[in-house]
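In my numbering, the protein residues as written are 133 to 416.
As structure tokens, the structure follows; a few thoughts come after it.
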Amino acid sequence: MRNDIINASNAVHEVSGAVVDRLATPECPDSGIPAGSVPRDSARSPNALRGLTIVLPCFNEAENVADAIRYATQAAERCSIDHEIVVVDDGSSDDTSTIAATFVERDRHVRLIVHPQNLGYGDALRSGIAAASMPWVLLTDADLQFDLREIEDFLPYTQRADLILGWRILRQDPLHRRVNAAAWNWLVRRSFHLRVRDIDCAFKLIRRDLLQSCQLSATGAMISTELLVKCRAAGGRMEEVGVHHRARVAGEQSGANPRVVARAFRELATLRRALRREPSPAGL
């Protein structure tokens, strides 16, 4: 396997870490995952996109990443003519990268970016965004809390919108996370005049040219807000679509970690200062 090392030090839109190259081998005998295990759905959606990148940021998702890649592949094959799955391992201490690499070895559509250390959710998303090459990008998570087949419900909106944002119809998270999320949504909507139902829902389909033009800088959870604010400033048209949400059954959530929360508030203050002298927008 050839490894390409991309030096990204402080650059916002360059990939940080090692990129495991794509190889097209028919099987991976040491992986424990049989070749051809991804279901092939020959019935492509009539609204299929010309090309789709699915970005899967991961941190210690060894129990979920294999299924996440399988389901992403199945959804992408139905909903796009061409596709790529970009897995970003944000410094995991488990076998996330090892498992993801077995898919890279046998499927040319799967790519893996490895951060040498844990940089944060925002950094993981930015690495995936920078690596995306298809006209449309789905930003989601590898925790299996969404049914990626529901991207098909987003496709009709791509004719008139640049961002199609999912909102969780019934959020399946512990009570304390739902309460914290409601308070955070209220604060962010009020601070930035964002008329969005579920700012941090990890199910967003966005035009790549718009997404890569936004010059995102957040390293933590604030990246979702920054993305929406900057896409709006660039004239992006938005639609919202309800998606179903599942309880996490494996792995651990990190969103309620005190360090993650503290970073989000710091980045919120930074973004507010950056926008303070700009006129208040009408909202999405």
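All C-beta atoms, glycine included, are put in the ideal place defined by N, C-alpha and C.
For clarity, every value in this text was computed on a predicted model and none was experimentally measured.
Would you identify the three-state DSSP class for residue i, choosing helix, strand or coil?
| i | result |
| --- | --- |
| Ile331 | coil |
| Val392 | helix |
| Phe235 | helix |
| Gly260 | helix |
| Phe278 | strand |
| Leu302 | coil |
| Pro267 | coil |
| Gly254 | helix |
| Cys346 | coil |
| Arg404 | helix |
| Leu181 | strand |
| Pro248 | coil |
| Glu358 | helix |
| Thr272 | strand |
| Leu438 | There is simply no residue 438 to check, as the chain begins at 133 and stops at 416 in what is shown. |
Do residue j and residue i come within 9 Å of each other at the CB atom, strictly closer than that value?
| i | j | result |
| --- | --- | --- |
| Ile355 | Gly254 | yes |
| Asp222 | Asn179 | no |
| Arg258 | Leu348 | yes |
| Leu256 | Val242 | As written in the sequence, residue 256 is Ala, which differs from the Leu given in the question. Not in contact: Ala256 and Val242 (Cβ atoms no closer than 9 Å). |
| Gly252 | Val220 | no |
| Leu359 | Lys336 | yes |
| Ala353 | Asp332 | yes |
| Leu271 | Ala334 | yes |
| Arg395 | Thr351 | yes |
| Val373 | Leu297 | yes |
| Ala207 | Ile283 | yes |
| Cys211 | Ser265 | no |
| Val117 | Met370 | Here the chain covers residues 133 to 416 and nothing more, so residue 117 does not appear. |
For residue i and residue j, which I take to be in contact (beta-carbon distance under 8 Å), what is that distance rounded to the nearest angstrom?
| i | j | result |
| --- | --- | --- |
| Val375 | Arg310 | Not confirmed; about 16 Å, so no contact. |
| Ser224 | Asn196 | Contact doesn't hold; Cβ gap of about 11 Å is too wide. |
| Ile245 | Val218 | 7 Å |
| Arg182 | Ile213 | 6 Å |
| Asp279 | Leu342 | 25 Å between Cβ atoms; not a contact. |
| Leu403 | Val361 | 7 Å |
In angstroms with no decimal places, state the Cα-to-Cα distance between residue i and residue j.
| i | j | result |
| --- | --- | --- |
| Gln304 | Ser345 | 33 Å |
| Arg339 | Cys363 | 10 Å |
| Arg378 | Leu302 | 9 Å |
| Arg281 | Arg398 | 35 Å |
| Ser229 | Ala365 | 36 Å |
| Gln277 | Leu407 | 33 Å |
With a CB to CB cut of under 6 Å and the five nearest residues on each side skipped, what residues in its chain are close to residue i?
| i | result |
| --- | --- |
| Ala274 | Leu188, Cys190, Glu193, Asn196, Val197, Ala200 |
| Gly368 | Asp294, Leu295, Leu342 |
CB-CB under 8 Å to residue i, same chain, minus the five flanking residues each way: which ones, in chain order?
| i | result |
| --- | --- |
| Arg417 | Residue 417 lies beyond the stretch modelled for the chain, which goes from 133 to 416, so this question has no answer here. |
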